[in-house]
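Reviewing the structure listed below.
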Amino acid sequence: MGILDHVWLGIVAVFTEAPVATVLGLPISITVVMVALGFLGGIVVGATPGLGGPFAMAISLPILITIFGFNPDALLPVLGFLIGIMKGATVGGAVPAILFNTPGTPDSLMTTLDGFPMTRKGEAGKALRIAHFSSASGDTFSDIVLFTCAPFLAITVEAYLDFPEKAALIILSLAFISAVVGDSVWKGILAALFGMFAAFIGTGEDHHPRLSLGSDALAGGLPLISVVLGVLILGEVFAALEDMWREKRATDAIAAQAAGGDDRLKLRDIRRILPFVGMSAGIGTMVGALPGIGSTLAATLGYATGRRLHRGEVRFGDGAPEGVAATEAANSAVSGANLIPVLSLGIPGNVAAVFIILATETISGFNPGPAVFRLTPDQVNAEMVVAFGLFTAMVLANLLNWTIGGVFMRSMGIMVRIPKQRLLPIVLLLTLTAIYAQRPEMLSIYVTLFFGLVGYVMRRLRFSVLPFVIAFILANNLEEAVRQAFSATGADPWFLFSSPISIAFMALAALVVVFFARGRERKAI
Amino acid sequence: MTFKSFGAAVSTAGALALAAGPAAAAWKPAGPINLMIAFAAGGGADTQARLISTELEKTKGWKIIPQNVTGKGGGVMARKLKGQPNDGLTFGIAVTQTFTYNVLAVKNVGYAADDFTYVTTTAGTQLGLVAKSERGWKSIEDVIAAAGAGTTFKLGAMGPKLADLAYVTEQKFGIKFNTVMLRGGRAVLNAITAGDVDLGWVAGIQNKGVKAGDLVNLVSGETARLKISPDIPTLHEIGIPYDAGVKFLIVAPKGIPADARKGMADAVASVLTDKSTKAAQFVQRAFGGPSLISGAALEKLVADSIENNRKLIAATQ
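Pasting the structure below:
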């Protein structure tokens, strides 16, 4: 049995097993239905301020197991649903970022930079179309790379990344994000250090809760979702409310959102953004194939590279469609490539991939790892069939994305007509409700409100919030990687400089800071 | 839809089933039960707890509200559970180690072993020291021989107790490990697969890889030999008088009514011994079957484990 036979068996499994209905004489299989349901649910989740794909995946996994059980025939429907959510949420995440300036996840923070100015110019529809086009392109590109390279690429990457290299890679990511975003490198680094400080409360390897001042509430650490969404969404809502209040005092009216701008996506626009989409899709795919770094770095890298390339009349940050395209293509391109380390090594690259692994661990019949792509003559490798079934489900989700995904996104544009003074309280309520649903205790609300205030103050002092958020998310990974590298090298204090690769990462980190510190006017986020 | 509304739907179905068939439960909770799960949402341990809850709702008609309270190896959950009313409406699920090792090894842990009533265990681990089979090692003796030749191996551990065990092994055989602390068995297995560590402690998820021939168990960390590798000796058998296997454990605040304690233990046992339930099937798949110890036998298990851990900690100082 060759590879192609396995590909065919995978496709057949997706489309023919366990049909639930017939349309025009064609049986519709349960996997197809689950992919579609997951995808549509994912868009809604992604478009809701405060909710994200990983949360929806965490909730649905136990429910899916209850419905489908643990036998191998549950694999494709369950994985199909999870993949649908993953892809839908990535596309949907751009909606609140563009329409309300409130990114649902750190991934789409860079989308607000140009997406929201476009909305203010009355081009919300166009921004949404560009986001959809770029996101779907980046995703498709990344999937193609996954299908063709998964078997060997991840093994090569992993062979070169040991503990010290992983620690150095996180340091490089942090240095890059601090230096590139915002109007001052030093403010960026300060924000990152503050984010790390917040992340160190109550965490760490020791079971004694450090920095918690003896409080039981802080002993478990600050809830991630509260801190991140507090800074990203509440901070923005507070700042916008103050702006509105000042506006009303000055002019006795609140400006309505402009409408009637250029709302269509023309061939000319596509030609304009295509180089940015291509560049970002490549960046996102590369970042995705690295274990444990994630889509936010990809989005930032894509945006920063796009800003360098850009020569148009509208500057990045003033509502350039290229800015939206560069960010969305990059963060969407991560999701396919992220499955490269998952399928060939069983190692997750980001949170969404963790749930794919958990699902395969719970259901029998598929063990992500080197055995998945092993060919035995005259035998069907059932796991390879599942892998290709998974790829088929991804192609299916991509097709849905190109077709109904676009329609769905465009219909969201209508929300922009809701007046700001009504919309912001709705966003606030939705966010707080979403946070409470994910961690049902008042502490998570208090923490969210506090970090909303922090986000507000940072915006007013023109500190970029992204280094804070990324440092908060990566700080514990960094601490772990550093501790692990230190003990794996037998307590060598120079562990960060123990191999050519880690030395190169460290040198790059220093270089990035020095290079961007040579004062240049940049717009604060 | 949240898990709760899903749970409500299931419990309605459960109530209907109850109306149809005879109910033989001796103890009935006076209201909804809070179940604090000390594991992260979506993982194997969490799935186990949620499936047991769903099954209890279905067969007993109880209402159970599961909530994840994670952090500090179950310590955050234990601290929270300690202060709850002991009316038989609040339970927690964690591992034995939270109550038998962490209370000794962690300073200011914030709770003590006798702050709780131990209700029942549900399942146990299959802890083994694991390596990739391509290394060519067949058992721990091969590793000791290789390490004796002057090579320092990197060993992945997922908690301080396993690091203690690695230390005791070093002392016993005069070899040297660089012990790397990793977060959870999955992380250890990843590090082994990726070649970041040479060997590591894994508590059961290595079974698939061992069966496929990619991984090999070198020594059993349980009191008994591992089910999947019956030829591999235990730590006791190679002269190290400790073990590190843990069991999943349902606990309650100290002094809950005796009938609530027995009622919960019996209900969980009836769910996990009924092979037709999803909970039982899952426990079979993920942990090699249920391990149900309750009442006085469980109290003895906890006390013995504390004693064993006290000796281990003394041996490392």
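From first to last, the protein sequence lines stand for chains A and B.
Sequential numbering of the first sequence, starting at 0, is according to numbering that gives the first Met the number 0.
Sequential numbering of the second sequence, starting at 0, is according to numbering that gives the first Met the number 0.
Glycine included, C-beta positions come from ideal geometry on N, C-alpha and C.
Which residue wins for smallest C-alpha separation from residue i, given the options the options?
i                      : options                       : result
residue 218 of chain A : A:209, A:278, A:127 and A:128 : A:209
residue 435 of chain A : A:225, A:480, A:231 and A:230 : A:225
residue 221 of chain B : B:235, B:198 and B:215        : B:235
residue 300 of chain A : A:182, A:402, A:176 and A:187 : A:176
residue 291 of chain B : B:246, B:274, B:278 and B:277 : B:246
residue 409 of chain A : A:314, A:494, A:97 and A:29   : A:97
residue 285 of chain B : B:84, B:177, B:35 and B:122   : B:122
residue 81 of chain A  : A:52, A:263 and A:231         : A:52
residue 420 of chain A : A:45, A:402, A:246 and A:506  : A:246
residue 360 of chain B : B:315, B:152, B:148 and B:262 : For chain B, the structure presents residues 0 to 316; residue 360 of chain B sits outside this window and is missing.
residue 240 of chain A : A:489, A:451, A:506 and A:39  : A:451
Report yes if the C-beta distance between residue i and residue j is below 8 Å; otherwise report no.
i                      : j                      : result
residue 217 of chain B : residue 129 of chain B : yes
residue 134 of chain A : residue 331 of chain A : yes
residue 486 of chain A : residue 163 of chain A : no
residue 383 of chain A : residue 371 of chain A : yes
residue 32 of chain B  : residue 57 of chain B  : no
residue 161 of chain A : residue 242 of chain B : no
residue 112 of chain B : residue 102 of chain B : yes
residue 289 of chain A : residue 504 of chain A : no
residue 69 of chain A  : residue 361 of chain A : yes
residue 269 of chain A : residue 304 of chain A : no
residue 256 of chain B : residue 80 of chain B  : no
residue 328 of chain A : residue 279 of chain A : yes
residue 9 of chain A   : residue 390 of chain A : yes
residue 75 of chain A  : residue 412 of chain A : no
residue 194 of chain A : residue 478 of chain A : no
residue 141 of chain A : residue 284 of chain A : yes
residue 310 of chain B : residue 239 of chain B : no
Taking its Cβ as the centre, do 16 or more other Cβ atoms sit within 10 Å of residue i, making it buried, or is it exposed?
i                      : result
residue 379 of chain A : exposed
residue 513 of chain A : exposed
residue 118 of chain B : buried
residue 425 of chain A : exposed
residue 321 of chain A : buried
residue 71 of chain A  : exposed
residue 27 of chain B  : exposed
residue 22 of chain B  : Low confidence applies here, because residue 22 of chain B scores a pLDDT of 42, under 50, leaving its location unreliable; read the following figure in that light. It counts as exposed.
residue 260 of chain B : buried
residue 174 of chain B : buried
residue 244 of chain A : exposed
residue 20 of chain B  : Residue confidence for residue 20 of chain B is low, a pLDDT of 39 falling below 50, so the modelled location carries little weight; the figure read from the coordinates is stated next. Classification for residue 20 of chain B: exposed.
Just reading off the beta strand (DSSP E) that residue i is part of, what are its end residues?
i                      : result
residue 92 of chain B  : 89-94
residue 18 of chain A  : 18-22
residue 117 of chain B : 115-123
residue 26 of chain A  : 25-28
residue 67 of chain B  : 63-67
residue 81 of chain B  : No beta strand (DSSP E) holds residue 81 of chain B; the alpha helix (DSSP H) holding it covers 74-81.
Residues of chain B with CB closer than 8 Å to the CB of residue i, please, in chain order.
i                      : result
residue 162 of chain A : 179 and 195
residue 71 of chain A  : Chain B residues near residue 71 of chain A: none, gap ~12 Å exceeds 8 Å.
residue 494 of chain A : Correct list: empty, because the minimum Cβ distance to chain B is about 11 Å.
residue 48 of chain A  : By Cβ distance, chain B contributes nothing, its closest Cβ being about 17 Å from residue 48 of chain A, past 8 Å.
Along chain A, which residues have their Cβ under 8 Å away from the Cβ of residue i?
i                      : result
residue 53 of chain B  : 65
residue 106 of chain B : 207
residue 204 of chain B : 360
Let me check you understand the geometry: is the CB of residue i closer than 7 Å to at least one non-hydrogen atom of the ligand ADP?
i                      : result
residue 351 of chain A : In the structure shown, the ligand ADP is absent, as is every other ligand, since no ligand is present at all.
What does residue i touch in chain A if you count any residue whose Cβ is under 7 Å from its own?
i                      : result
residue 75 of chain B  : 218 and 219
residue 284 of chain B : 69 and 363
residue 40 of chain B  : 57
List the residues of chain B that residue i touches, going by C-beta distances under 9 Å, in chain order.
i                      : result
residue 478 of chain A : By Cβ distance, chain B contributes nothing, its closest Cβ being about 11 Å from residue 478 of chain A, past 9 Å.
residue 482 of chain A : 179 and 180
residue 443 of chain A : None at all; the shortest Cβ gap to chain B is about 12 Å.
In terms of residue numbering, what span does the alpha helix (DSSP H) encompassing residue i cover?
i                      : result
residue 387 of chain A : 381-399
residue 101 of chain B : 101-104
residue 272 of chain B : 257-272
residue 246 of chain B : Unbroken run through residue 246 of chain B is the beta strand (DSSP E), 246-252; no alpha helix (DSSP H).
residue 244 of chain A : 234-250
List, in chain order, every chain A residue whose beta-carbon is nearer than 9 Å to that of residue i.
i                      : result
residue 101 of chain B : 206
residue 119 of chain B : By Cβ distance, chain A contributes nothing, its closest Cβ being about 21 Å from residue 119 of chain B, past 9 Å.
Using a Cβ cut-off of 7 Å, pull out every chain B residue sitting near residue i, in sequence order please.
i                      : result
residue 157 of chain A : 193
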